[in-house]
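Enquirer: Once you know that position 30 of the sequence shown is 29 in numbering that gives the first Met the number 0, the rest is easy, because the numbers rise by one and skip nothing.
Next up is a structure, given as structure tokens.
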Amino acid sequence: MGPLAGIHEGLKAAGGEYVFVVACDMPFLKADVVEFLFKSAKGHDGALPVSDDGIYEPLHAVYCTGPMLAGTKKAIEQGERFILAPIFDLEDMVLIEMDKIRELDLDLELKTFLNVNTLEDIEKYTI
């Protein structure tokens with residue numbers, strides 16, 4: 000089932016009300032960005048960053064454990080593999096635009112959202 004099943008298992012094991020979900024190929028995480036996502040999610044179903052070109056970042060987001068767990072369970076039971084399927088069922092997601100992250104000076108270059116797949120990627124982004 001891919002990332003959706005991994006997220007589901009992580010949510011089942013989570014002990015907190017909110018969880019941060021991140022892809023394993025995002026090595027430049029910024030603690031300030033993660034903290035901002037947690038603060039933004041409080042009282043909602045989660046906080047989901049949206050790239051400048053309107054692409055959701057579901058693998059760098061904070062979710063309220065209960066609603067997201069129910070959503071991933073439903074998606075898996077329906078044979079869904081689309082990672083955004085459970086998110087679209089959540090009623091109260093806070094969308095975080097990249098401009099807000101820049102405006103708050105949390106990560107001007109948005110490196111926290113870069114995914115690295117090759118040695119060349121690492122060299123490119125660390126020089």
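Positions of the beta carbon are idealized from the N, C-alpha and C atoms, including for glycine.
In the DSSP assignment, what are the bridge partners of residue 53?
Expert: Answer is none; residue 53 lacks a bridge partner.
Enquirer: Find the nearest neighbour of residue 114 within the set 33, 21 and 85, judged by alpha-carbon distance.
Expert: Nearest of 33, 21 and 85 to residue 114, Cα basis: 21.
Enquirer: Taking the beta carbon of residue 125 as the centre, do at least 16 other beta carbons fall within 10 Å, making it buried, or is it exposed?
Expert: Its Cβ having fewer than 16 others within 10 Å, residue 125 is exposed.
Enquirer: Starting from residue 25, trace the alpha helix (DSSP H) in both directions and tell me its first and last residue.
Expert: Residue 25 -> no alpha helix (DSSP H), and no H or E assigned at all.
Enquirer: What's the call for residue 71, buried or exposed, on a 16-neighbour Cβ count within 10 Å?
Expert: Label assigned to residue 71: buried.
Enquirer: Could you name each continuous alpha helix (DSSP H) segment of 4 residues or more that falls completely within the stretch 57–101, going from the start of the chain to the end?
Expert: Runs of the alpha helix (DSSP H) inside the stretch 57–101: 64–76 and 84–88.
Enquirer: Could you check the C-alpha separation between residue 4 and residue 75 for me, to the nearest Å?
Expert: Rounded to the nearest angstrom, the two C-alpha atoms are 7 angstroms apart.
Enquirer: Below 8 angstroms between beta carbons: does that hold for residue 40 and residue 93?
Expert: Yes, they are a contact pair.
Enquirer: Look up residue 107 in the DSSP assignment and say whether it is helix, strand or coil.
Expert: Correct three-state label for residue 107: coil.
Enquirer: Just to check my reading of the structure: residue 34 and residue 47 have Cβ atoms closer than 8 angstroms, yes? What is that Cβ distance to the nearest angstrom?
Expert: 16 angstroms between Cβ atoms; not a contact.
Enquirer: By the DSSP assignment, the alpha helix (DSSP H) with residue 40 in it spans what residues?
Expert: Here the alpha helix (DSSP H) through residue 40 covers 30–40.
Enquirer: Have a look at residue 83 and residue 49 and give me their C-alpha separation to the nearest angstrom.
Expert: If you take the alpha carbons of residue 83 and residue 49, they lie about 13 angstroms apart.
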